[in-house]
Every structure is written in C-alpha cells, then in structure tokens.
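Peer 1: First residue of the sequence shown? That's 329 in the numbering used here, and the numbers climb one at a time after it.
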Amino acid sequence: MFYTYIVRCKDGTYYTGWTNDLEQRIAAHNQGKGAKYTRKRGPVELLATWISPSKSEAMKLEYSIKQMSRHEKQILIMEHITGSRKAGNG
C-alpha cells in the first residue's frame, strides 16, 4: 500500500509527499530527517491521506496536488475531511 499525504508545516505552508510507511514518514518529518522542505518548518501536522494501490499512482497523485494552488489544496483538504467524517458516520 502507498500513501499520498498533505501536512501543514509550523509556518502554515503545506507539503505534499508520498510514502509506503506513513507513520514512519511523518515521524521523519518531525525529527528533521524528512524532505528538505520540512526540515526547518517542523513540526508538521498530518491533514489528509489517500491510499493508492501502487507507487506510480501515489506519485501521480502527489504530482497533481503539487500543481494546485494553495486555495485548491485547502478545498481538497476540506473535502477530504468532510468525506472522511461522512464515511465514519455511516
């Protein structure tokens, strides 16, 4: 299983990435061992996660999210949170 995720950095910016071990990756970001972008911007807060069946699908999703504006990412995050709550209440 592969994950595409969005985190919010301490400075309020968003970082999008992919991994096959989400817990370990978030820990790495928070230890300053993750992506260069997040090293000076930690700690990070996980905002949204998508599961993909393959590495290539996770990478494609990461790329498409990285092409979005901040406003588009905010909408995507809110839709994800709202959808997750609905799924959890079903």
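Glycine included, C-beta positions come from ideal geometry on N, C-alpha and C.
Can you tell me the Cα-Cα spacing of Met387 and Ala376, whole angstroms?
Peer 2: 15 Å
Peer 1: Out of curiosity, what's the CA-to-CA distance linking Arg369 and Thr332?
Peer 2: 19 Å
Peer 1: If we count the other Cβ atoms within 10 Å of its Cβ and call it buried at 16 or more, is Thr341 buried or exposed?
Peer 2: By the C-beta density criterion, Thr341 is exposed, having fewer than 16 other C-beta atoms within 10 angstroms.
Peer 1: Using beta-carbon positions only, say whether Val372 and Ile354 come within less than 8 Å of one another.
Peer 2: Going by C-beta atoms, Val372 is nearer than 8 Å to Ile354.
Peer 1: What separation, rounded to the nearest whole angstrom, lies between the Cα atoms of Ser380 and Glu390?
Peer 2: 11 Å
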